[in-house]
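> I have a structure I would like to understand better, so I am pasting it below and will then ask my questions one at a time.
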Amino acid sequence: IFKEANPNVSTSSWALRWVASHPNVKVILSGMSSEEHVEDNLKTFSLEKIELNEEEMAVVAKVKATIEARTKNGCTGCAYCMPCPFGVNIPRNFYIWNEASMYGDLEKGKERYVRLAEGQASQCKLCGKCENVCPQSLPIREHLKLVAKDLGE
Numbered sequence: 543i544f545k546e547a548n549p550n551v552s553t554s555s556w557a558l559r560w561v562a563s564h565p566n567v568k569v570i571l572s573g574m575s576s577e578e579h580v581e582d583n584l585k586t587f588s589l590e591k592i593e594l595n596e597e598e599m600a601v602v603a604k605v606k607a608t609i610e611a612r613t614k615n616g617c618t619g620c621a622y623c624m625p626c627p628f629g630v631n632i633p634r635n636f637y638i639w640n641e642a643s644m645y646g647d648l649e650k651g652k653e654r655y656v657r658l659a660e661g662q663a664s665q666c667k668l669c670g671k672c673e674n675v676c677p678q679s680l681p682i683r684e685h686l687k688l689v690a691k692d693l694g695e
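Okay, so the sequence shown: first residue is 543 according to this note's numbering, each after it adds one.
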């Protein structure tokens, strides 16, 4: 979606400009691990107007809506739900499930799920300990059932 809107701008540039568009932001830190990243950031911050305009903000909103539509649940991977008394790797199960949905690659998701072996969603015994501590108030037990259905059994 970003490339359709402007093929000459990197995803990182969109992100940095989105951050810069918030009036309460005074400093923007960017992680860079290659010379290409440095050059892209210099290009971004050399713009006359770094903040996104209304049309560009609409593009960001479209990307956000697309991501939300493809995401199975809102697990952030914080791991407050861990350790599971039954050995389920809850954040990893949700990560695999979300990735398979995001990229439309159920077969790859199933392969990754099988490699979890001892931490699979199917090991959940529905105790609910995880849900009591989840900051996102996710229906973890119900979602683990769906993970097992979609990727496992």
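The beta carbon of each residue, even a glycine, is placed where N, CA and C say it ideally should be.
None of the values given here were measured: they were computed from a predicted structure.
1. Quick check on Gly619: does DSSP put it in helix, strand or coil?
2. Within this structure, are the beta carbons of Val630 and Gln665 separated by less than 8 Å?
3. Run the CB neighbour count on Pro608, radius 10 Å, all protein chains shown included, and call it buried at 16 or more, exposed below.
4. Report buried or exposed for Cys620, applying the criterion of at least 16 other Cβ atoms within 10 angstroms of its Cβ.
5. Are there 16 or more other CB atoms within 10 angstroms of the CB of Ser555, so buried, or fewer, so exposed?
6. Hey, is the region 637 to 652 in contact with the region 583 to 594, meaning 3+ C-beta pairs nearer than 8 Å?
7. Could you give the first and the last residue of the continuous alpha helix (DSSP H) run that contains His685?
8. Beta carbon of Gly661, beta carbon of Arg634: below 8 Å?
9. Are there 16 or more other CB atoms within 10 angstroms of the CB of Asp647, so buried, or fewer, so exposed?
10. Alpha carbon to alpha carbon, how far is Leu584 from Asp692? Give it in angstroms, no decimals.
11. With a cut-off of 8 Å on the beta carbons, I'd call Glu593 and Arg559 a contact; round off their distance for me.
12. So which of His564, Lys614, Thr553, Glu546 has the shortest CA-CA distance to Asn595?
13. How far does the alpha helix (DSSP H) with Thr608 in it extend, from its first residue to its last?
14. Are Lys614 and Ile543 touching if we call contact CB-CB under 8 Å?
Working from what's here:
1. When secondary structure is reduced to three states using DSSP, Gly619 falls in the coil class, being assigned neither helix nor strand.
2. Contact: yes.
3. A quick correction: the sequence has Thr, not Pro, at residue 608. By the neighbour-count rule (16 or more Cβ atoms within 10 Å), Thr608 is not buried but exposed.
4. By the 16-neighbour rule on beta-carbons within 10 angstroms, Cys620 is exposed.
5. Buried is the label assigned to Ser555, since at least 16 other Cβ atoms lie within 10 Å of its Cβ.
6. The region 583 to 594 and the region 637 to 652 do not touch, with fewer than three beta-carbon pairs separated by less than 8 Å.
7. Unbroken alpha helix (DSSP H) run through His685: 682 to 689.
8. Yes. Within cutoff.
9. In this structure Asp647 is exposed. Its beta-carbon is surrounded by fewer than 16 other beta-carbon atoms within 10 angstroms.
10. Here the alpha carbons of Leu584 and Asp692 stand approximately 44 Å from one another.
11. The Cβ separation is near 7 Å, so the contact holds.
12. Checking every option, the nearest Cα to that of Asn595 belongs to His564.
13. Start and end: 596 to 612.
14. No. Outside cutoff.
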